[in-house]
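Beneath this line is the structure, given in structure tokens, with notes to follow.
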Amino acid sequence: MSENTPDLDAAARDIVRAGQRLDARGWVPATAGNISRRLPDGRIAITRSGCHKGFLSEQDVITVDLAGQPHDPANRPSAETLLHCQIYRLLPDVGAVLHGHSVASTVLSMIEASPRILLSDYEVQKVFAGQDTHEATVPVPLFPNDQDIARLAREVEPHVADMPAGYIIRGHGVYVWGRDMGMALARLEGLEFLLACELEKRKLKA
């Protein structure tokens, strides 16, 4: 199968624009983060390992299968590609996945002792699937950071279907997804806003 197709070209443009947007907000410092999109033929378009997301070109987007293996052996996907593929495999309606490393998600996940951050009474939480009122509590699960991505994926897998706001790897960053890139970006922006609010509230209480 040829890797270059009109669908891949369109996905690459989406990913480049998303990278610029995340970079402008300080959520993907240095070469941190990953951005992916599902293609109609089942391939996953994802950022190549080691690329700064604010300076992506379309050539920095490669394709992998649902096991995270590149279609072109010369391409090197990030080790975290497996976490993207896990979401696509378990949630067939998902079309885009975003992984960022904001200050708020990093700090809060390191100081929160419980296994989740609870978001309550925020109007913005209605951006997440199944949320239609601020009078609710949205849990954001926290998972221990692990350099063994396959082991981390096994830890995350039982919870994927019940994480409307995505999840956070402690001291690392967030994973958020949506039916398309626009929805994934909206959910990431919503989550990052709420995490920033939580961080500010904790500062005021200190």
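For the sequence shown, UniProt numbering assigns the number 1 to the initial residue and increments by one for each residue that follows.
Idealized CB from N, CA, C, for every residue including glycine.
For Gly-178, which three-state DSSP category applies? strand
Per DSSP, what are the beta-bridge partners of Phe-128 in this structure? Paired residue(s): none; Phe-128 is not in a bridge.
Counting Cβ pairs closer than 8 angstroms, one from the region 30-45 and one from the region 104-113, do we hit at least three? no
is_contact[His-101, chain C] using C-beta, thresh 8 angstroms: Looking at the structure shown, chain C is missing, and only one protein chain is on hand.
Quick check: the Cα distance between Met-1 and Phe-128, rounded to an integer number of angstroms? Annotation note: pLDDT 36 at Met-1 (below 50); position unreliable, coordinate value reported separately. Cα to Cα, the separation comes out at about 36 angstroms.
Alpha-carbon spacing of Leu-39 relative to Leu-8, whole angstroms: 7 angstroms
In terms of residues, what are the limits of the beta strand (DSSP E) holding Pro-141? 137-143
Buried or exposed, going by whether 16 or more other CB atoms sit within 10 Å of the CB of Thr-63? buried
Can you list, in chain order, the residues of its chain whose CB lies under 7 angstroms from that of Arg-89, leaving out five sequence neighbours each side? Leu-66
Assuming Leu-118 and Tyr-175 make a contact with CB atoms under 8 angstroms, what is their CB distance in whole Å? That pair is no contact at about 18 angstroms.
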